[in-house]
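A.B. asks: Provided herewith is a single structure, encoded as structure tokens, for subsequent inquiry.
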Amino acid sequence: MRVEEVLAGKGDVVHCVSPGHSLHEAAVLLQDNNIGALVCTDPTGGVIGILSERDLARAVARHGWDSIDMSVAEVMTRDVITCRMEDEVDYLLTVMTETRCRHIPVVRDGVVVGMVSIGDLVKLKAASE
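For the sequence shown, our numbering assigns the number 3 to the initial residue and increments by one for each residue that follows.
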């Protein structure tokens, strides 16, 4: 099974945020869309970071509730693991387990085209067995 099969089942909507957005704005996007991470992109759609619920929790733990006014750029994870449509689900499950990452942006020609979560992959794998 490949990433393209995951996106075919869940859709390829990607929720993105710019580095200048506040953490409050990002938290609202996460809540409104019932998702666990946002891809931070440059103006061309390239991935420059990812902001997860874990990143928000760390910001609050380190900086208190005032962190809600910080920018996404100040808190996001910059060393982002990405994948391609043709990557195998088993490979991604291994990567996610080893790196303890729960969301991976899908990139084509340097532009984000989707996002897969550990839940998406486990659900697809379980359905195929």
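Just so you know, even glycine gets a beta-carbon here, dropped at the ideal spot from N, CA and C.
Taking the C-alpha atoms as reference points, what is the distance between ARG61 and LEU53?
C.D. replies: On the sequence shown, residue 61 is found 59 positions in, with the first residue counted as 1. On the sequence shown, residue 53 is found 51 positions in, with the first residue counted as 1. In the sequence under discussion, the amino acid at residue 61 is Ala, which differs from the Arg named in the question. Distance between the alpha carbons of ALA61 and LEU53 is about 11 Å.
A.B. asks: Confirm, please, whether the CB-CB distance from LEU9 to VAL113 is below 9 Å.
C.D. replies: The count along the sequence shown starts at 1 and reaches residue 113 at position 111. The count along the sequence shown starts at 1 and reaches residue 9 at position 7. No, Cβ-Cβ distance for VAL113 and LEU9 is not below 9 Å.
A.B. asks: What three-state label does DSSP hand ILE70 in the structure shown?
C.D. replies: Your numbering for residue 70 matches position 68 in the sequence shown. Here ILE70 sits in helix by DSSP.
A.B. asks: Classify GLY11: buried if its beta carbon has 16 or more other beta carbons within 10 angstroms, exposed otherwise.
C.D. replies: Here residue 11 refers to the residue found at position 9 of the sequence shown. GLY11 is exposed by the Cβ-count criterion.
A.B. asks: Against chain B, does LYS127 count as a neighbour if the rule is that its beta carbon must be under 9 Å from one of theirs?
C.D. replies: In the displayed structure, chain B is absent; only one protein chain is listed.
A.B. asks: Can you tell me where the alpha helix (DSSP H) with MET98 in it begins and where it stops?
C.D. replies: Translated into positions along the sequence shown, residue 98 becomes position 96. Run containing MET98: 91 to 101, per the alpha helix (DSSP H) assignment.
A.B. asks: Using the C-alpha atoms, what's the distance from GLN33 back to TYR93?
C.D. replies: Looking up residue 93 in the sequence shown gives position 91. Looking up residue 33 in the sequence shown gives position 31. Using only the alpha carbons, I get a separation of about 29 Å.
A.B. asks: Can you have a look at ALA39 and say buried or exposed, based on whether 16 or more other CB atoms are within 10 angstroms of its CB?
C.D. replies: By one-based count along the sequence shown, residue 39 stands at place 37. So ALA39 ends up on the buried side.
A.B. asks: Kindly indicate which three-state DSSP category HIS105 falls into: helix, strand or coil?
C.D. replies: Sequence index remark: in the sequence shown, residue 105 carries index 103 (1-based). HIS105 falls in the strand class under three-state DSSP.
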